Amino acid sequence: FSKWTNDAFTFSIFAQYLASSLVLCVSVFTLSQLRPLSKEFNALVMYVACMVSQIFFYCDAANDVTNMVNTLK
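Residue numbering for the sequence shown follows the working numbering, starting at 408 and increasing by one per position.
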């Protein structure tokens with residue numbers, strides 16, 4: 408079951424992580440071009456915060472799995 412689950416989700420999780428990273432880079436670049444504290448700037452800051460938290464959840468889950476595996480060794 409674990410092999411099937413790993414095979415089924417590896418590519419999709421990688422694609423989601425890659426897309427989120429690219430969108431985050433473009434969003435931060437766009438953020439650097441906007442006037443601070445404008446309506447668009449504030450909206451993009453909230454969007455970037457959501458994108459960072461999305462990537463954080465993947466990294467945090469992977470860290471938990473890595474720590475569990477290391478305790479089994």
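Ideal placement from N, C-alpha and C gives every residue a C-beta, glycine not left out.
Treat the numbers as computed from the prediction; the structure is a model and nothing was measured.
Select from Ile420, Ser409, Asp414 and Phe408 the residue whose C-alpha is nearest the C-alpha of Ile462. Ile420
So, helix, strand or coil for Phe408, using DSSP? coil
The alpha helix (DSSP H) spanning Ser460 covers which residue range? Looking at the DSSP string, the run of the alpha helix (DSSP H) that includes Ser460 is Lys446 to Leu479.
Leaving out five residues on either side along the sequence, give the residues of the same chain with a beta carbon under 7 Å from the beta carbon of Ala435. Contrary to the premise, residue 435 reads as Val rather than Ala in this sequence. Closer than 7 Å at Cβ, skipping near neighbours: Val455.
Sequence-distant residues of the same chain with beta carbon closer than 8 Å to Thr437, five excluded per side: Leu451
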